[in-house]
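Read through the structure below, which is laid out as structure tokens, and then see the notes.
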Amino acid sequence: MLTSIRLTNWINQINSLRHLCDMTNWSICSLMKPKIQALDRERELPDDSYIVSKTDMKGRIIYANRIFQDMAQYTEKELLNIQHNIIRHPDMPRGAFKLVWDTIASGQEVFAYVKNLAKDGKYYWVFANITPDRDAKGAITGYLSVRRKPRRDALAIIEPIYHQMLSIEQQYPAKTQMDYSIGFFVDALSSKGVSYEEFILSI
Ligand SMILES: Cc1cc2nc3c(=O)[nH]c(=O)nc-3n(C[C@H](O)[C@H](O)[C@H](O)COP(=O)(O)O)c2cc1C
């Protein structure tokens, strides 16, 4: 009896610490992130469904619609005030997110294909449009993302690019790996003579 109360207290403490970690995004906290085993099983977003979320300036979720919850298999309570990387899939290169953050932090919208990891280990692909939210004076107050189901032929183009970026990142230390993976992507785009946005909207 006493052992089971102690165990419950211990689990509660770990969970509170995890929540604090998600709210703060301290780097030590990546060790606390619940490990989800990524499965090679897909959950497809229905054609007419849109996943919507809003974040604060630091990427903590402040709104997640019902479709988000269903696709990611988290309750609203599990998502609110938590870093958006809760659904980060290990197949996604860090460079792809840097491109997203650099663009939205500069006040522009961005489009991106993203592979996400649900709580049950399944993955789901989305085509996201992320825009800054502004107050009456035009200052950025947070971000809004609306995602739809991506076309299969677009995924057939973006997936090998992300794969290549990820394998480049794995060859370098964390500090410089994104420079190399983004460098690869930028070189590929300039050899086609297109900008990132032209490319992403054309596939
Ligand atoms: C509005 C908004 C929506 C986002 N949506 C996603 C998403 O669907 N999946 C994802 O992995 N990251 C998303 N991100 C990016 C995450 O904040 C984070 O940068 C990314 O998951 C990489 O996490 P990491 O820095 O821990 O590697 C979003 C960020 C913002 C601001």
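Residues in the sequence shown are numbered consecutively from 140, following this note's numbering.
Note that beta-carbon positions come from the ideal geometry of N, C-alpha and C, so glycine has one too.
Every value quoted in this text rests on a predicted model; they were computed, and no experiment measured them.
Per the DSSP secondary-structure output, Glu181 pairs in a beta bridge with Tyr262.
Burial state of Tyr311 is exposed, judged by a 10 Å Cβ sphere holding fewer than 16 other Cβ atoms. Counting the other CB atoms within 10 Å of its CB gives Ser320 a total of 16 or more, which places it among the buried residues.
In the assembly as shown, Gly277 is an exposed residue. Its beta-carbon has fewer than 16 other beta-carbons within 10 Å. A Cβ-Cβ contact shorter than 7 Å links Pro232 with Leu305.
For ligand 1, no non-hydrogen atom lies closer than 6 Å to the CB of Ser329. Residue state for Ala278 is assigned as coil, using DSSP reduced to three classes. Looking from the CA of Ala267, the closest CA among Ala293, Thr315 and Gln222 belongs to Ala293. Between Ser188 and Ile206 a beta carbon distance of about 5 Å is seen, short of the 8 Å cut, so the two are scored as contacting. The residue from Glu217, Ala257 and Lys197 with its alpha-carbon nearest to that of Asp272 is Lys197. When C-beta atoms of the region 239 to 249 are compared with those of the region 208 to 220, fewer than three pairs fall below 8 Å, so the two segments do not count as touching. With a beta-carbon spacing of about 5 Å, Arg180 and Lys261 fall inside the 8 Å limit used to define contacts.
In the structure shown, Pro229 adopts coil according to DSSP, grouped into three states. In this structure, the C-beta of Tyr189 stays at least 6 Å away from each heavy atom of ligand 1. The C-alpha of Leu328 lies about 15 Å from the C-alpha of Asp318.
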